[in-house]
Every structure is written in C-alpha cells, then in structure tokens.
Amino acid sequence: AQSVTQLDSQVPVFEEAPVELRCNYSSSVSVYLFWYVQYPNQGLQLLLKYLSGSTLVKGINGFEAEFNKSQTSFHLRKPSVHISDTAEYFCAVSEWGNNNDMRFGAGTRLTVKP
Amino acid sequence: NAGVMQNPRHLVRRRGQEARLRCSPMKGHSHVYWYRQLPEEGLKFMVYLQKENIIDESGMPKERFSAEFPKEGPSILRIQQVVRGDSAAYFCASSPSVGDTQYFGPGTRLTVL
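As given, the protein sequences belong to chains X and R, one line each in that order.
Numbering-wise, our numbering puts 96 at position 96 of the first sequence, and it's gapless, one number per residue.
For our numbering, add 114 to where a residue sits in the second sequence, where the first one is 1.
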C-alpha cells in the first residue's frame, strides 16, 4: 500500500521568506498526489493536486509543487509567505484506480513570524 | 453549491454513550469517505461508502464503530459505548466519482469525558 512521509513536523519562517515543505511517498504503482491546508479548527482545503501531465503544479494562494518521480517526492513551495499562511499542511497520496484509500502524511505545521 | 456539511461541529459525550456524526456530501457527489484525526497526527482513513453500500471499511475499528450512507439523507458515522480514546476530529469527504478529488467538510470534534 502507498504511504507518505512529511519530513518536517514544524517549519518556522519569517514573513516574506521562501518556504519548502517536503513530502516523499512510497507506492508500487502510479499515484495521484495532493496537498491540503488546515487552518485552526477548520477542515481541510485542497491547495493543489497532481494527476498527470506537467510535473509542476500551481495551486491557490501562490503555492506550487513539483512531482519528481525518480525521487518519489512532491515538495510544496511558496516564494514569499504571509502571516496568513500559518497553518497545518498535509501531503496525501492515492493510487490510480484506488482513490478511496487516500493516505495522509502526519502534517507539517508552518508558522510564519513577523 | 454548498460544500460538504458536517454536524454537529462539536460533540461531547460521557464514556459509554453513543455518538452519531452526520455528513452531507456536496450536491452531485455519491462517494463519501470518513477519516479520523487524533491530536498531533495526520488523518487516518476509516471507511468509504457509496449510496447504500460500504465499499471499503479497512480502516474502521472492528468493534463499536459503524457507518451508513442511506439512499436518502446524510451519511452517519456511529460510535457505540464511546471511550476516551475515541476523542478526535472526524472528517468526512465526498467526491463525484471514484478516482476524483475528495472535498472535505469542517469536521466534528468529539470529546469523550
């Protein structure tokens, strides 16, 4: 079965600095990849997804992620963060033809400081 | 188009009571998924349902937990005889078809006293 590892549990950065949140996955078949954001006491909101095609995926709020098949990674990046980006970020993977079993990483808490 | 709705948003139960969590999928979505998020952890898949059918319940605890998605009305996650370890946030997601993006509700935060 597929699995996801988010390498950093917490990432503190200063406002307007660039940020990268790392995600690696494991699967024996082709996958779909997702990044979700969770603001305090709220549900998950889809940031972006990779299904096929271009490996660079652009999402909402200025985020983007790049699918790297050889490194089995799907790192999330933003060139300049805002205070409002402070949230928990989850990487998720599902296998082609088996999207009912979406596996989530443990999450990375991004804290943007002024 | 309203998003996925869950109620109640917060639920407090004493040990041994029953908890019922409801999820109304987005309009046009016939696939529902339930996840549990324990404190400081990611989401764990519990069960996947289509209308009137449980498709995959591999993540559901074998006892006390059950789920349904009737022909009419919301999907229900039912926890009987709750224990303190059941305290968590329970999220529902829906999609229009299998293999499609899942959209999440705001969650129900269950606290067992």
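Cβ coordinates follow ideal geometry from the N, Cα and C atoms, glycine included.
The model shown is predicted, which means the values in this text are computed figures rather than measured ones.
Find the nearest neighbour of residue i within the set the options, judged by alpha-carbon distance.
i: VAL226(R); options: GLN216(R), GLN194(R) and THR215(R); result: GLN194(R)
i: TYR32(X); options: GLU20(X), GLU66(X) and VAL13(X); result: GLU66(X)
i: SER28(X); options: THR108(X), ASP8(X), PHE63(X) and SER70(X); result: SER70(X)
i: SER129(X); options: LEU56(X), ASN61(X), GLY62(X) and ASP85(X); result: Past the edges of chain X, shown from 1 to 114, lies residue 129(X), and the structure says nothing about it.
i: VAL11(X); options: ASN41(X), PHE90(X), SER54(X) and GLY43(X); result: PHE90(X)
i: SER52(X); options: ARG223(R), ALA116(R) and ASP214(R); result: ASP214(R)
i: GLN216(R); options: LYS165(R), ARG223(R), ARG134(R) and PHE205(R); result: PHE205(R)
i: GLN175(R); options: PRO188(R), LYS185(R) and ASP200(R); result: Contrary to the premise, residue 175(R) reads as Pro rather than Gln in this sequence. Ranking PRO188(R), LYS185(R) and ASP200(R) by Cα distance to PRO175(R) puts ASP200(R) first.
i: SER30(X); options: THR86(X), ARG109(X) and GLN2(X); result: GLN2(X)
i: ASN68(X); options: SER26(X), THR111(X), GLN38(X) and GLY59(X); result: SER26(X)
i: ARG178(R); options: GLU132(R), MET140(R) and VAL118(R); result: GLU132(R)
i: MET102(X); options: ASN121(R), ARG128(R) and PHE159(R); result: PHE159(R)
i: LEU44(X); options: VAL118(R), LEU163(R) and GLU182(R); result: VAL118(R)
i: SER144(R); options: GLU166(R), VAL196(R) and PRO153(R); result: GLU166(R)
i: PRO184(R); options: GLN164(R), ALA202(R), ALA203(R) and GLY221(R); result: GLN164(R)
i: THR118(X); options: LEU47(X), SER84(X) and TRP96(X); result: Residue 118(X) lies beyond the range of chain X shown here (1 to 114); nothing can be said about it.
i: TRP96(X); options: LYS58(X), GLN42(X) and TYR50(X); result: TYR50(X)
Using the Cα positions of residue i and residue j, report the straight-line distance between them to the nearest angstrom.
i: SER208(R); j: TYR147(R); result: 6 Å
i: GLY173(R); j: LEU157(R); result: 11 Å
i: LEU76(X); j: TRP35(X); result: 8 Å
i: GLY130(R); j: ARG198(R); result: 10 Å
i: ILE190(R); j: ARG136(R); result: 5 Å
i: ASP170(R); j: LYS113(X); result: 42 Å
i: SER138(R); j: VAL13(X); result: 38 Å
i: PRO188(R); j: SER180(R); result: 14 Å
i: LEU125(R); j: ASP8(X); result: 32 Å
i: MET140(R); j: PHE218(R); result: 9 Å
i: PRO40(X); j: GLN151(R); result: 13 Å
i: GLY105(X); j: GLU88(X); result: 11 Å
i: ALA116(R); j: GLY142(R); result: 11 Å
i: ARG127(R); j: SER54(X); result: 48 Å
i: ARG134(R); j: ALA203(R); result: 13 Å
i: VAL212(R); j: ILE168(R); result: 13 Å
i: THR130(X); j: VAL196(R); result: Outside the shown range of chain X (1 to 114) lies residue 130(X), about which nothing can therefore be said.
i: GLY62(X); j: THR86(X); result: 14 Å
i: ARG22(X); j: GLN6(X); result: 6 Å
i: VAL4(X); j: GLU186(R); result: 36 Å
i: MET123(R); j: GLN38(X); result: Checking the sequence shown, residue 123(R) turns out to be Arg, not Met. Looking at the two C-alpha atoms, the distance is approximately 15 Å.
i: VAL130(X); j: ASN24(X); result: Given a span of 1 to 114 for chain X in the structure shown, any question on residue 130(X) remains unanswerable.
Interface residues of chain R around residue i at Cβ under 9 Å?
i: PHE90(X); result: GLY156 and LEU157
i: VAL49(X); result: One detail in the question is off: residue 49(X) reads as Lys in this sequence, not Val. Under the 9 Å cutoff, chain R gives THR215.
Anything in chain X within Cβ reach of residue i, meaning under 8 Å, just list it in chain order.
i: TYR217(R); result: LEU46
i: GLY221(R); result: GLN42 and GLY43
Quick one: which chain R residues come within Cβ less than 7 Å of residue i?
i: ALA106(X); result: GLU155 and GLY156
i: ASP101(X); result: PHE159 and ASP170
Can you pull the chain X neighbours of residue i, defined as C-beta to C-beta under 9 Å?
i: GLY67(R); result: Residue 67(R) lies beyond the residue range present for chain R, which begins at 115 and ends at 227; the question has no answer from this structure.
When Cβ atoms are compared, which residues of the segment 165 to 185 of chain R fall closer than 7 Å to chain X?
Here the close residues are ILE169 and ASP170.
Does the segment 78 to 94 of chain X come within contact of the segment 9 to 22 of chain X, defined as at least 3 CB pairs closer than 8 Å?
When Cβ pairs closer than 8 Å are counted between the two stretches, the segment 78 to 94 of chain X is seen to touch the segment 9 to 22 of chain X, the count reaching three or more.
Going along the segment 30 to 47 of chain X in order, which residues come within less than 7 Å of chain R, judged by CB to CB distance?
Against chain R - using a Cβ distance shorter than 7 Å - the residues of the segment 30 to 47 of chain X are GLN42, GLY43, LEU44 and LEU46.
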